[in-house]
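The next block holds one structure in the form of structure tokens; read it before the comments.
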Amino acid sequence: MTKLYSLPNYTSIKVKGADSKEFLQGQISCDVTQQQECFDGLFCNEKGHVITNSVVIKNDGFVILLRRDVAPLLVSELEKFSKFYDCTIKIEHQDIFGKQTNNTFTKHIGKPKSNYDEMNWKTDTMLNFCFDIDADYSGKYRLNEIGYNPEKFVSYEKGCYRGQEIIARLKYLGKATKKAVIFSGSLNYILNKSGRKIGKKIFSTTIKDCQQTHFFVEKSEYYSNDERIIPIASQWDLDQD
Numbered sequence: 377m378t379k380l381y382s383l384p385n386y387t388s389i390k391v392k393g394a395d396s397k398e399f400l401q402g403q404i405s406c407d408v409t410q411q412q413e414c415f416d417g418l419f420c421n422e423k424g425h426v427i428t429n430s431v432v433i434k435n436d437g438f439v440i441l442l443r444r445d446v447a448p449l450l451v452s453e454l455e456k457f458s459k460f461y462d463c464t465i466k467i468e469h470q471d472i473f474g475k476q477t478n479n480t481f482t483k484h485i486g487k488p489k490s491n492y493d494e495m496n497w498k499t500d501t502m503l504n505f506c507f508d509i510d511a512d513y514s515g516k517y518r519l520n521e522i523g524y525n526p527e528k529f530v531s532y533e534k535g536c537y538r539g540q541e542i543i544a545r546l547k548y549l550g551k552a553t554k555k556a557v558i559f560s561g562s563l564n565y566i567l568n569k570s571g572r573k574i575g576k577k578i579f580s581t582t583i584k585d586c587q588q589t590h591f592f593v594e595k596s597e598y599y600s601n602d603e604r605i606i607p608i609a610s611q612w613d614l615d616q617d
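Given below as structure tokens:
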């Protein structure tokens, strides 16, 4: 089954010029020199915190698809480095829609008839650990804390890019001891069976009046207020290692 989602709060950034490929290659986690036309990548800061995830499309330069509220933040970050390259960066206002097929989520330019709205998209991508960074979360968390699958977003064969040292270190530390887990409701902390606080709270969010709390935590039985709680989504169940 294919779902189409309207995404009115998304936009695009155009990167154009003779050095646009070289410039982006040093800023994003994917390898934009490959032959494919479309990429999923992460823009990170030097600490490895994700400024935003994005879809990048080759089109007379490159078009970056992302949330509208993050676009000026990313432009500001990119302009710190673009002055050393022959390229321009400009926010464009294009219609963006989302598509889901067999739990694979993609974003595209266009405005087809959609049966699902942006809140449906946020819910579905959140529970599949591929949600889009908004301004509130920009530059605060690393990809493993968010639950992103590095195989989707990261090329480990390409050269240096911003945040590369931290991202590479996460891969070569060995088997993960903590992963992203989502619970229903607003929680400040969670406990293991012994009553010890475990994990790190990443954030809480509300989607259509339903609260969710995102933790980065070891595999365990989880408790809150002396009751066992069951995650509504757990990266431990996805076996991404």
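Quick note on our numbering: the sequence shown kicks off at 377 and runs consecutively.
Where is the CB? At the ideal position from N, CA and C, for every residue including glycine.
Roughly how many whole angstroms lie between the Cα atoms of residue i and residue j?
{"i": "Asp-617", "j": "Ala-552", "result": "Legend: pLDDT at Asp-617 = 48, less than 50; position of this residue unreliable, value from coordinates given subsequently. Between Asp-617 and Ala-552, the C-alpha separation is close to 7 Å."}
{"i": "Gln-470", "j": "Lys-483", "result": "12 Å"}
{"i": "Gln-540", "j": "Asn-525", "result": "16 Å"}
{"i": "Cys-414", "j": "Lys-595", "result": "35 Å"}
{"i": "Cys-463", "j": "Trp-612", "result": "42 Å"}
{"i": "Lys-498", "j": "Phe-460", "result": "36 Å"}
{"i": "Val-431", "j": "Val-530", "result": "13 Å"}
{"i": "Arg-538", "j": "Val-557", "result": "27 Å"}
{"i": "Phe-507", "j": "Lys-475", "result": "13 Å"}
{"i": "Lys-390", "j": "Val-439", "result": "5 Å"}
{"i": "Leu-365", "j": "Tyr-598", "result": "Residue coverage of the chain in this structure runs from 377 to 617, which leaves residue 365 outside it and unanswerable."}
{"i": "Lys-456", "j": "Asn-421", "result": "12 Å"}
{"i": "Asn-429", "j": "Lys-554", "result": "21 Å"}
{"i": "Thr-582", "j": "Asn-504", "result": "16 Å"}
{"i": "Tyr-492", "j": "Ser-580", "result": "23 Å"}
Since residue i and residue j are thought to touch, with beta carbons under 8 Å apart, how far apart are those beta carbons, to the nearest angstrom?
{"i": "Ile-578", "j": "His-590", "result": "4 Å"}
{"i": "Leu-441", "j": "Ser-388", "result": "5 Å"}
{"i": "Ile-566", "j": "Ser-600", "result": "6 Å"}
{"i": "Gly-417", "j": "Ile-404", "result": "4 Å"}
{"i": "Ile-467", "j": "Ala-447", "result": "5 Å"}
{"i": "Ile-509", "j": "Arg-443", "result": "7 Å"}
{"i": "Leu-450", "j": "Phe-399", "result": "About 13 Å separates the two Cβ atoms, so there is no contact after all."}
{"i": "Cys-536", "j": "Gly-402", "result": "7 Å"}
{"i": "Ala-511", "j": "Asp-407", "result": "Between Asp-407 and Ala-511 the Cβ distance is about 27 Å, and since that is not below 8 Å, they are no contact."}
Which partner residues of residue i appear in the DSSP bridge assignment?
{"i": "Asn-429", "result": "Leu-418"}
{"i": "Ile-404", "result": "Phe-419"}
{"i": "Gly-474", "result": "Tyr-381, Lys-483"}
{"i": "Gln-410", "result": "DSSP lists no partner for Gln-410."}
{"i": "Cys-586", "result": "Ile-583"}
{"i": "Tyr-492", "result": "Tyr-381"}
Can you check which of these residues, the options, is closest to residue i by C-alpha distance?
{"i": "Gln-412", "options": "Gln-401, Asn-429, Ser-396, Ile-433", "result": "Ile-433"}
{"i": "Glu-494", "options": "Trp-612, Ala-609, Ser-610, Leu-380", "result": "Leu-380"}
{"i": "Ala-394", "options": "Asp-471, Gln-410, Arg-545, Gly-437", "result": "Gly-437"}
{"i": "Thr-477", "options": "Thr-501, Arg-604, Glu-597, Ser-405", "result": "Thr-501"}
{"i": "Ile-542", "options": "Phe-559, Tyr-517, Leu-563, Lys-555", "result": "Tyr-517"}
{"i": "Leu-549", "options": "Asn-520, Tyr-386, Asp-508", "result": "Asn-520"}
{"i": "Ile-485", "options": "Asn-385, Thr-409, Ile-583, Ile-574", "result": "Asn-385"}
{"i": "Ile-608", "options": "Gly-561, Pro-488, Ser-490", "result": "Gly-561"}
{"i": "Phe-592", "options": "Gln-401, Lys-576, Leu-449, Lys-489", "result": "Lys-576"}
{"i": "Pro-488", "options": "Phe-505, Gln-588, Lys-573, Ile-472", "result": "Ile-472"}
{"i": "Asn-496", "options": "Arg-545, Leu-563, Cys-586, Asp-602", "result": "Cys-586"}
{"i": "Asp-602", "options": "Ile-583, Lys-569, Lys-584", "result": "Lys-569"}
{"i": "Gln-410", "options": "Ser-490, Lys-534, Arg-572, Ile-574", "result": "Lys-534"}
{"i": "Lys-378", "options": "Asn-429, Asn-435, Asn-479", "result": "It should be pointed out that residue 378 corresponds to Thr in this sequence rather than to Lys. When only C-alpha atoms are compared, the closest one is Asn-479."}
{"i": "Gly-571", "options": "Arg-604, Ser-580, Tyr-532", "result": "Arg-604"}
{"i": "Phe-481", "options": "Lys-528, Asn-435, Ser-458", "result": "Lys-528"}
I want to see whether chain C comes within less than 9 Å of residue i, judged by CB atoms only; does it?
{"i": "Asn-504", "result": "Among the chains of the structure shown, chain C does not appear; only one protein chain is present."}
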